[in-house]
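If you're matching positions, the sequence shown starts at 32 in our numbering and goes up one per residue. Note that CB positions come from ideal geometry on N, CA and C, so glycine has one too. Following: one structure in structure tokens, then a few remarks.
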Amino acid sequence: MARFNIIQSDPVQYKDLILEFWKDNLPGTPPGRFDWMQENPAGPAIWFFAFEETNNELVGTISIMPREMVLNGKLIKAGIVGDFMVSNDYRVFGPALSLQKVVLESMSIYGFDYVYTIPNQASFKMNQRAGYVDAVKLVHFIKPLRSAQYLQKYLNGKLPVYLGYVLDFVLKIFSRESYFLSGRHFDEIKIMNDSFDVIWEEVRKVETGLYGNHSAEYINWRYLRNPLSAFKIIALRSKSGDALL
């Protein structure tokens with residue numbers, strides 16, 4: 032049975048291999064994500080690599096993405112575990128479990144208060160074996176802006192388009208925001224500036240519980256420079272001026 036060496040190392044020297052791993056394990060991941068991960072305001076991603084002991088072949092990776100969180104007004108350091116990838120030939124008797132364990136064992140060394148991951152069904156049991164605790168359930172709230180694309184999953188031809196117009200009209204009638212008069216206006220933000228940090232500091236003073244850092248620097252990096260998706264940020268402003276609300 033193969034044996035493996037797991038090390039933490041500068042990912043730059045393994046960039047080409049990481050990009051190949053992404054093609055096989057995370058298809059569609061843009062190469063620009065690598066540099067983006069290293070530009071994180073909370074700190075560059077920390078990578079661990081598994082090598083087959085005999086031929087020194089890279090057979091697995093895992094990363095920790097630093098993230099600043101706020102707990103009852105106090106800044107703490109969390110880590111998002113991702114890029115968990117193992118070569119096809121080593122997925123049964125390979126380094127998968129060891130890669131997960133080394134992250135937990137190294138957590139305090141790199142100054143993390145805690146690390147977390149959002150596993151798929153295939154890796155859920157392995158995460159538990161490694162020592163992760165099933166702490167919370169994520170809930171997604173979605174409101175369709177255009178119904179036709181959802182209807183196309185179940186209906187053929189032009190029927191989804193026609194039904195979509197009708198359904199959109201009905202949803203608009205029953206949506207309370209259609210009748211909400213705010214006395215304010217909205218616009219799209221191309222880049223966050225210092226005015227956003229003023230709001231962020233106010234939120235930090237009054238909010239309790241656990242939530243992520245939403246400074247202008249982080250928002251610009253996480254969303255507006257994200258190579259994976261083209262995000263848009265909408266600002267609420269007073270009609271009497273440009274004050275960000």
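Opening and closing residue of the alpha helix (DSSP H) in which residue i lies
i: Phe155; result: 152-161
i: Lys203; result: 190-205
i: Glu248; result: 247-250
i: Arg235; result: 225-237
i: Ala127; result: 127-137
Three-state secondary structure (DSSP) of residue i
i: Pro42; result: helix
i: Met68; result: helix
i: Glu83; result: strand
i: Leu176; result: coil
i: Arg122; result: coil
i: Val164; result: coil
i: Leu259; result: coil
Distance between residue j and residue i (C-alpha atoms, nearest Å)
i: Gln131; j: Trp231; result: 34 Å
i: Val134; j: Met157; result: 13 Å
i: Lys46; j: Asn71; result: 17 Å
i: Arg268; j: Ile220; result: 11 Å
i: Tyr141; j: Gln152; result: 28 Å
i: Ala266; j: Ser226; result: 11 Å
i: Val90; j: Ile49; result: 10 Å
i: Asn36; j: Thr92; result: 12 Å
Buried versus exposed call for residue i [16 or more other C-beta atoms within 10 Å across all chains shown]
i: Arg215; result: exposed
i: Thr85; result: exposed
Terminal residues of the beta strand (DSSP E) in which residue i lies
i: Tyr145; result: 145-147
Are there three or more Cβ pairs, one per stretch, closer than 8 Å when the region 150-170 is compared with the region 187-197? no
Evaluate contact between the region 70-80 and the region 32-49, counting only Cβ atoms and requiring at least three cross-stretch pairs below 8 Å. yes
Decide yes or no for the touch test of the region 99-109 against the region 50-59: beta carbon pairs closer than 8 Å, at least 3 of them. no
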